[in-house]
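*Asks:*
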Amino acid sequence: MTWSLDNEFETPGGTIRWTALGSGEPLVLVHGTPYSSFLWRDLAPALAQTRRVYVFDLLGFGQSEQREGQDLSLAAHARNLAQLLDHWELSHPSVVAHDIGGAVTLRSTLLEGANFQDLTLFDAVSGGEWERGLFQLILEHPEVFHQLPGYAHQELVTSHMRHATNLGYRPAVLDALLTPWRGETGQAAFYRQYSQIKQEHTAEYEQLLGEITIPTRLIWGTEDHILPPHYARWLHDRIPHAELHWIEGAGHLLQEDAPAQLLAHLTSDPPAPREDRSADK
1 MTWSLDNEFE
11 TPGGTIRWTA
21 LGSGEPLVLV
31 HGTPYSSFLW
41 RDLAPALAQT
51 RRVYVFDLLG
61 FGQSEQREGQ
71 DLSLAAHARN
81 LAQLLDHWEL
91 SHPSVVAHDI
101 GGAVTLRSTL
111 LEGANFQDLT
121 LFDAVSGGEW
131 ERGLFQLILE
141 HPEVFHQLPG
151 YAHQELVTSH
161 MRHATNLGYR
171 PAVLDALLTP
181 WRGETGQAAF
191 YRQYSQIKQE
201 HTAEYEQLLG
211 EITIPTRLIW
221 GTEDHILPPH
231 YARWLHDRIP
241 HAELHWIEGA
251 GHLLQEDAPA
261 QLLAHLTSDP
271 PAPREDRSAD
281 K
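If you're matching positions, the sequence shown starts at 1 in the UniProt record's numbering and goes up one per residue.
(1) With DSSP collapsed to three states, give me the class of Asp6.
(2) Which residue from Phe190, Glu184, Gln136, Leu139 puts its Cα closest to that of Met161?
(3) Please tell me whether Ala75 and His201 are closer than 7 Å, where the distance is taken between their beta carbons.
(4) Going by DSSP, which residues form a beta bridge with Pro26?
(5) Could you tell me which residues DSSP pairs with Glu243 in its beta bridges?
(6) Mind checking Asp123: buried by the 16 CB within 10 Å criterion, or exposed?
(7) Mind pulling the beta strand (DSSP E) runs of 3 or more residues that sit fully within the segment 90-168?
(8) Would you mind reading off the limits of the beta strand (DSSP E) that contains Leu59?
(9) Just how far apart, CA to CA, sit residue 282 and His241?
(10) Under 6 Å Cβ to Cβ from Glu25, same chain only, skipping five residues before and after it: list those, please.
(11) Please state whether DSSP places Thr267 in a helix, a strand or coil.
(12) On a CA-only basis, which of Tyr194, Ala152, Thr109 is nearest Gln136? Give me that one, please.
(13) Quick check: Gly101 and Gly32, are their CB atoms within less than 7 Å of each other?
(14) Compare the C-alpha of Arg170 against each of Phe145, Pro259, Ile16 and name the closest.
(15) Across the segment 139-149 and the segment 226-246, are there enough close Cβ pairs to call them in contact, namely three or more that are closer than 8 Å?
(16) Just checking my contact of Ser94 with Asp118 at CB under 8 Å: how many whole Å lie between their CB atoms?
(17) Could you round the C-beta distance between Trp234 and Gly128 to whole angstroms and report it? I think they count as a contact, below 8 Å.
(18) Measuring only the C-alpha atoms, how far is Thr154 from Val173?
(19) Answer with buried or exposed for Ser4, where buried requires no fewer than 16 other C-beta atoms within 10 angstroms of its C-beta.
(20) Which of the three DSSP states is assigned to Leu21 in this structure?
(21) State the Cα-Cα distance for the pair Leu134 and Phe9, rounded to the nearest angstrom.
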């Protein structure tokens with residue numbers, strides 16, 4: 001499946017690849033781990049019918065550069081995002097973020113000074129006790145995972161990817177998502193990024209979440225087993241005016257499990273700040 005990022009942005013840690021589609025008010029899409037901007041392959045063109053849509057691969061992911069010595073922490077990704085926005089000359093874009101893209105985006109606006117027009121977070125790392133499962137195991141035993149035989153590594157990544165969708169992948173999608181993590185370079189890159197993504201970098205802004213004043217929308221799959229629904233409620237409690245929407249039967253990857261419903265939310269008017277925080281469920 002073809003998905004091409006035809007532009008480059010240089011950072012101290014390496015090259016970030018990006019592209020932009022359409023015209024209109026700017027909209028930036030931020031992916032999570034262990035994925036890439038490939039997740040936006042259907043949504044970005046649809047959104048570009050009315051918006052100027054920017055997509056990129058986080059450093060160390062997808063088509064962006066992978067090499068030893070890279071800083072792939074949430075703090076570094078947030079700095080890179082803020083610099084990308086400056087490079088694109090975007091002062092107040094709308095931003096949509098998924099998985100660790102949520103933490104990257106929140107750090108970028110709360111600690112790096114990036115300004116957004118409005119914010120949508122779905123099935124996103126934001127704060128609380130999220131350092132668990134595979135994250136925690138890799139942090140505790142990085143040397144073991146780096147030494148896995150190639151076949152064992154591929155099975156681990158494959159099963160992790162499958163755990164993220166409740167309805168399964170369309171043909172060829174899983175293979176495309178696995179491609180950046182294959183081979184000696186890809187395997188090293190996979191554990192390099194996971195060994196640097198830490199809860200301490202979300203704890204640093206948690207006390208600031210209540211200061212977010214821009215229109216904010218939270219969307220969550222009811223069958224998310226990576227970040228179960230209580231993480232949505234945790235975040236909803238801390239952003240006073242945020243709207244919370246549930247997508248029934250969807251897992252962690254709304255882009256795969258419920259693309260039409262997700263698109264409907266992303267093309268609706270952003271919520272206005274309000275005091276009433278009652279959820280839709």
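Glycine included, every Cβ here is placed at the ideal spot set by N, Cα and C.
Owing to the predicted nature of the structure, the values given are computational and were not obtained by experimental measurement.
*Replies:* Reading from the atomic positions:
(1) coil
(2) Phe190
(3) Cβ atoms of Ala75 and His201: closer than 7 Å.
(4) Pro26 is bridged to Arg52.
(5) Answer is Arg217.
(6) buried
(7) Correct list: 94-99, 118-124.
(8) Unbroken run through Leu59: none, as it is neither H nor E.
(9) Examination of residue 282 is not possible in this model, given that the chain is present from 1 through 281 alone.
(10) Arg51
(11) coil
(12) Put simply, of Tyr194, Ala152, Thr109 the residue whose alpha carbon is nearest the alpha carbon of Gln136 is Tyr194.
(13) yes
(14) Pro259
(15) no
(16) 5 Å
(17) By a beta-carbon distance limit of 8 Å, Trp234 contacts Gly128. Their separation comes to about 5 Å.
(18) Going by the sequence as given, residue 154 is Gln instead of Thr. Each residue's CA atom was taken as its position, placing Gln154 and Val173 some 15 Å apart.
(19) exposed
(20) strand
(21) 30 Å
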